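As structure tokens, the structure follows; a few thoughts come after it.
Residue numbers (this note's numbering): 146 to 294.
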């Protein structure tokens, strides 16, 4: 497990809840996307970056523009998953960047899903996309460099 997770910058553990399963008796596909969201929020919290729609925190921050999830096998209750997150360093443009994530099952000791998300920076006061804040970009690059060291 550590070998797989060591290439990612942040990690957060989540308990699979019985209520997350659907009629097919496995975790519903939408829950994987919530797990990935939790991983992304954890990543930005680790940087000390926060943004919300109330205007508190930074006025410009990332918002989900697109997401792709490759399901590898179905999760079931009980289990614990680790959501590991990193930034794809070759994905930056003026307004957006991508995260790469895995959802790792502790019970099965394997990756249950791979997630790529495109995040576009958004000005929550002006209600439009905005360039990536320099400090946010610098902090992400520093975090990724630290993780590789």
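All residues carry an ideal CB built from backbone N, CA and C; glycine is no exception. Since we're looking at a predicted model, the values are computed, not measured.
- Residue 239 is a Cβ neighbour of residue 276, given a cutoff of 8 Å.
- For residue 216, the closest alpha carbon among the candidates 270, 231, 258, 294 is that of 258.
- Rounded to whole angstroms, the Cβ separation of residue 270 and residue 224 is 41 Å, and the two are not in contact under 8 Å.
- Of 160, 231, 220, the smallest CA-CA separation from residue 290 is found for 231.
- Residue pairing from DSSP places residue 226 in a beta bridge opposite 159, 250.
- Counting only residues of its own chain and dropping the five nearest sequence neighbours on each side, residue 219 has a CB closer than 7 Å to the CB of 171, 172.
- For residue 268, the uninterrupted beta strand (DSSP E) segment begins and ends at 255–268.
- In this structure, residue 228 sits near residue 248, with a CB-CB distance shorter than 8 Å.
- In the DSSP assignment, residue 184 falls within the alpha helix (DSSP H) that extends over 174–191.
- In this structure, the beta-carbon distance from residue 157 to residue 184 falls below 8 Å.
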